[in-house]
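Trainee: My questions all concern the structure below.
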Amino acid sequence: MAKEKRTSIKDLASSLGVSPALISIVLNGKAKQYRISDEMVKRVKAAAKEMNYYPNVVAQNLRGGKSQLIGVIVTDISNPFYSTISRRIEDRANELNYNVLFSSSDENLENTERLIKVLLNKGVDGLIVVPCDGSRNSIAELIADDVPLVLLDRNFPDLDVKYSCLDNFKATRLATRHLIDQGYENISVISYETQMNHIMERVAGYEETMREAGLEKSININRINLSNPRSEMREVLGHLFQGNTEAILCLTNMLSINGIYCLKEMNKKIPDDIAFVGFNRSDVFNLLDSPVTYIKQPIEKIANEAVNRVVDLISGSSYAADDVIIADPELVIQSSTPKKNVLTHT
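Take the sequence shown: its position 32, counting from 1, is numbered 569 in the numbering used here, and each next residue is one higher.
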């Protein structure tokens, strides 16, 4: 069910047939100073309660002066990708004389909404947010309230909001094209269940590249539920080894990590038993004898640009750079994806 739009001072004023200025005076406790009648005060407060009005905390804070704080919400600060990018966000913010408050949503909508309110109540000047499934309306409310906001890693294409992320479509095109050039045809993707655009774009890049190569019948997308990723990864890998999969492409950092752990548990070797492409470099890759081919994100650029843009929004300045940053990926090719004819299956 769609969330109702936040009630504004203008909405209250319209319902009572008075000016927004009068509503603001009453709600800020200055009715006596401006000689507004007790009856009008009661009407305003009753309407505010009935229409579920609550104040725009950020607007109040901005009127009261800058806190030099930026609130950052990622999905999981323990995820190596988000811990690395968070560190860079903090470094860049410090360079611009800002401090950062970090929090993790755990890919949960209620957590995301709660953390937004907590950070706003702490008086942050702006927000950098990694949105989760279902959070579109919450992001739209922030935009409507003119909160200085930049989305990180993911975005909502239909919303007019600044964001900094990877060219996800290009990333999986690079990886899939490389595997095809190496002689693989049965290439399986491991993704997770989500409607977020960054994953959908990665899936689309894989699908288009497979179709261009005449491998449409070999398209194989496996989706894992985030509630139990390790167990579901084992199940997916077991299914793939029963079929004809020659190569695996994992679409996120954590899927890559879980995939490697599970392959080790199953005593499967990369690349002898299967070729493997991961997403982002991880220390877990050191568990393998063969260095892993992986999609590299320009983390420093993505982080720096997110901070630059939210600080520009906070200061109200304009800049010549694009409002949206879509960073180019790099495919780091290593020995987990050899030419197919040099594999020695055990």
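C-beta atoms are modelled at their ideal positions from N, C-alpha and C, and glycine is treated no differently.
Treat the numbers as computed from the prediction; the structure is a model and nothing was measured.
#1: Let's test the definition: count the other Cβ atoms within 10 Å of the Cβ of H776 and tell me whether it reaches 16, buried, or not, exposed.
#2: Between P875, I863 and K547, which lies nearest to P707 when the distance is taken from Cα to Cα?
#3: Where does A568 sit, in a helix, a strand or coil, going by DSSP?
#4: Excluding sequence positions up to five away, which residues of its chain have a Cβ less than 8 Å from the Cβ of P617?
#5: Among all the DSSP beta bridges, which residues are the ones paired with E867?
#6: Kindly list the residues whose CB is nearer than 6 Å to the CB of C799, restricted to its own chain and excluding five residues on each side of it in sequence; keep chain order.
#7: Does the beta-carbon distance from V667 to D690 come in below 8 Å?
#8: Between L686, N636 and N631, which lies nearest to G853 when the distance is taken from Cα to Cα?
#9: With H, G and I counted as helix, E and B as strand and the rest as coil, what does DSSP make of N692?
#10: In the structure shown, what three-state DSSP assignment does Y700 receive?
#11: Can you tell me whether R651 is buried or exposed, with buried defined as 16 or more other CB within 10 angstroms of its CB?
#12: What residue ranges within the region 739-796 form continuous beta strand (DSSP E) runs of no fewer than 3 residues, ordered along the chain?
#13: Which term fits K699, buried or exposed, when burial requires 16 or more other beta carbons within 10 angstroms of its beta carbon?
#14: By the three-class DSSP mapping on this structure, what secondary structure does N804 have?
#15: Bridge partners for N636 per DSSP, in chain order?
#16: Could you tell me whether the region 630-638 touches the region 673-680, where touching means 3 or more Cβ pairs closer than 8 Å?
#17: G751 to D662, Cα distance in whole Å?
#18: Just grab the DSSP bridge partners of F816 for me.
#19: Should T544 and I836 be called a contact, given that it needs their Cβ atoms to be closer than 8 Å?
#20: Assuming S642 and N648 make a contact with CB atoms under 8 Å, what is their CB distance in whole Å?
#21: Helix, strand or coil: which one does DSSP assign to V578?
#22: Are N757 and H735 touching if we call contact CB-CB under 8 Å?
Mentor: To lay it out plainly:
#1: Classification for H776: exposed.
#2: This sequence places Lys at residue 707; Pro is not what is there. For K707, the nearest C-alpha among the options comes from I863.
#3: Coil.
#4: Excluding sequence neighbours, P617 sits near N790, I794, N817, S819 and D820.
#5: For E867, the pairing in a beta bridge is given by DSSP as K833.
#6: M770, R771 and L774, listed in sequence order.
#7: In this structure, D690 lies closer than 8 Å to V667 by Cβ.
#8: Per the Cα distances, L686.
#9: Note: N692 maps to coil in three-state DSSP.
#10: Note: Y700 maps to strand in three-state DSSP.
#11: By the Cβ neighbour-count rule, R651 is exposed, with fewer than 16 other Cβ atoms within 10 Å of its own.
#12: Scanning the region 739-796 for uninterrupted beta strand (DSSP E) segments of 3 residues or longer gives 757-761 and 784-787, listed from N- to C-terminal end.
#13: Burial call: buried.
#14: Annotated three-state conformation of N804 is coil, per DSSP.
#15: Per DSSP, L606.
#16: Too few Cβ pairs lie closer than 8 Å, so no.
#17: Roughly 51 Å separates the two Cα atoms.
#18: Paired residue(s): I832.
#19: Not in contact: T544 and I836 (Cβ atoms no closer than 8 Å).
#20: Your pair S642 and N648 checks out as a contact, with CB atoms roughly 4 Å apart and the cut at 8 Å.
#21: Here DSSP, grouped into helix, strand and coil, assigns V578 to helix.
#22: Cβ atoms of N757 and H735: not closer than 8 Å.
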